[in-house]
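Participant:
Residue numbers (the working numbering): 415 to 668.
#1: Per DSSP, residue 518 forms a beta bridge with which residues?
#2: Using the DSSP secondary-structure output, state which residues sit across from residue 484 in a beta bridge.
#3: Taking DSSP as the reference, what is the three-state secondary structure of residue 507?
#4: Based on the DSSP output, what are the partners of residue 563 in its beta bridges?
#5: Taking the straight line between their C-alpha atoms, what separation do you get for residue 500 and residue 436?
#6: Please determine if the stretch 435-452 and the stretch 528-538 are in contact, where contact requires at least 3 C-beta pairs separated by less than 8 angstroms.
#7: Kindly indicate which three-state DSSP category residue 556 falls into: helix, strand or coil?
#8: Starting from residue 461, follow the beta strand (DSSP E) in both directions and report where the run begins and ends.
#9: Three or more beta-carbon pairs under 8 angstroms between the stretch 562-574 and the stretch 536-550, yes or no?
#10: Look at residue 554 and residue 493 and say whether their C-beta atoms are less than 8 angstroms apart.
#11: Going by CA-CA distance only, name the one from 582, 438, 484 and 545 that's closest to residue 551.
#12: I'd like the list of long-range same chain contacts for residue 600, defined as Cβ closer than 6 angstroms, with 5 residues on each side in sequence excluded.
#13: Tell me which residue opens and which closes the beta strand (DSSP E) that residue 448 is part of.
#14: Just verifying my parser: in three-state terms, what is the DSSP assignment at residue 440?
#15: Go through its chain and collect everything with a Cβ distance to residue 469's Cβ below 7 angstroms, but skip five positions before and after it.
#16: Using the Cα positions of residue 525 and residue 467, report the straight-line distance between them to the nearest angstrom.
#17: Taking the C-alpha atoms as reference points, what is the distance between residue 544 and residue 426?
#18: Residue 481 to residue 431, Cα distance in whole Å?
#19: Who are the near neighbours of residue 440 in its chain, counting only those whose CB is closer than 7 angstroms to its CB and skipping five residues on each side?
#20: Leaving out five residues on either side along the sequence, give the residues of the same chain with a beta carbon under 8 angstroms from the beta carbon of residue 490.
#21: For residue 540 versus residue 507, is the C-beta distance shorter than 8 angstroms?
#22: Among 546, 569, 547 and 548, which residue has its Cα nearest to the Cα of residue 557?
#23: Could you say which of 592, 608, 523 and 591 lies nearest to residue 576 if we only look at CA atoms?
#24: Looking at the structure shown, is residue 584 part of a helix, part of a strand, or coil, going by DSSP?
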């Protein structure tokens with residue numbers, strides 16, 4: 415495995431909200447490690463985006479090529495500079511959904527287009543499909559530095575406000591994932607019962623059986639002389655039908 419240069423790690427995994435001069439392009443790097451049942455590291459590597467092939471897709475291809483024993487349980491930890499785009503999130507969901515012997519933990523230094531709805535949904539789908547999504551903090555940066563950087567024995571050089579930036583990004587991610595959880599847990603109210611049909615009500619309308627008790631004993635002449643009151647005392651019954659009954663009742667001498 416080719417280790418990352420120190421300056422590449424500092425630039426690309428930095429979680430600062432903006433790049434300061436001298437300016438450079440923040441690219442996608444994905445560092446992964448596969449741990450076996452005894453927590454030993456079986457494989458590790460680092461991928462970068464290539465033309466028309468994102469780092470996440472290259473990572474999936476690599477894991478598939480390992481032909482891991484489906485009777486054993488494996489834990490995969492990924493450190494990424496950017497959280498996955500919505501297309502890569504879908505690919506990761508499809509990948510992990512069919513491999514119950516694998517567990518995937520995803521730690522991102524920064525959130526990619528976190529204000530765009532489709533990218534938010536991608537993160538929500540990952541969380542809903544057994545993929546742990548979290549933000550890199552001090553321990554994750556240190557572990558990534560020690561395992562994937564050609565540091566020549568030097569300790570991890572933490573930068574100013576690292577933990578503050580991590581906490582801010584973590585709160586943002588929590589808000590995104592919490593919206594999804596609320597939607598999943600929310601129980602929709604039962605649908606209202608359908609209103610009775612005119613044919614069902616016709617035998618009872620003039621008898622007062624369906625009217626409120628305070629109106630059931632009122633004279634028909636009073637009810638039928640007040641269109642609004644007559645219609646409002648039977649909610650759910652079409653007003654056009656009630657008024658037609660009123661006219662027929664008046665014609666019959668009620």
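Note that the Cβ used here is the ideal one computed from N, Cα and C, for glycine as well.
Facilitator: On the basis of the data shown:
#1: 490 and 545.
#2: When beta bridges are read from the DSSP output, residue 484 appears opposite no residue.
#3: Here DSSP, grouped into helix, strand and coil, assigns residue 507 to helix.
#4: Paired residues: 418.
#5: Residue 500 and residue 436 have their alpha carbons spaced roughly 30 angstroms apart.
#6: Inter-segment contact for the stretch 435-452 and the stretch 528-538 is absent: fewer than three beta-carbon pairs are separated by less than 8 angstroms.
#7: If DSSP states are grouped into helix, strand and coil, residue 556 belongs with the helices.
#8: The continuous beta strand (DSSP E) containing residue 461 extends over residues 455-462.
#9: Because the criterion of three Cβ pairs below 8 angstroms is not met, the stretch 562-574 and the stretch 536-550 do not touch.
#10: Yes, they are a contact pair.
#11: When only C-alpha atoms are compared, the closest one is 582.
#12: The pLDDT assigned to residue 600 is 49, lower than 50, so where the model puts this residue is not dependable; a value taken from the coordinates is nonetheless given after this. Taken in chain order, the list of residues that qualify is empty.
#13: Residues 443-449.
#14: Reduced to three states, the DSSP call for residue 440 is coil.
#15: Close CB contacts of residue 469 within its chain, under the 7 angstroms cut and outside five residues either way in sequence, are with 442, 443, 444, 461, 462 and 463 (chain order).
#16: Rounded to whole angstroms, the gap between the alpha carbons of residue 525 and residue 467 is 19 angstroms.
#17: Residue 544 and residue 426 have their alpha carbons spaced roughly 27 angstroms apart.
#18: Straight-line Cα distance between these residues: approximately 39 angstroms.
#19: Closer than 7 angstroms at Cβ, skipping near neighbours: 426, 433 and 495.
#20: For residue 490, where only same-chain residues beyond five positions count, the Cβ hits under 8 angstroms are 446, 447, 448, 449, 477, 516, 517, 518 and 519.
#21: Yes, Cβ-Cβ distance for residue 540 and residue 507 is below 8 angstroms.
#22: Nearest C-alpha to residue 557: 569.
#23: Answer by Cα proximity: 523.
#24: Looking at residue 584 - three-state DSSP - the assignment turns out to be helix.
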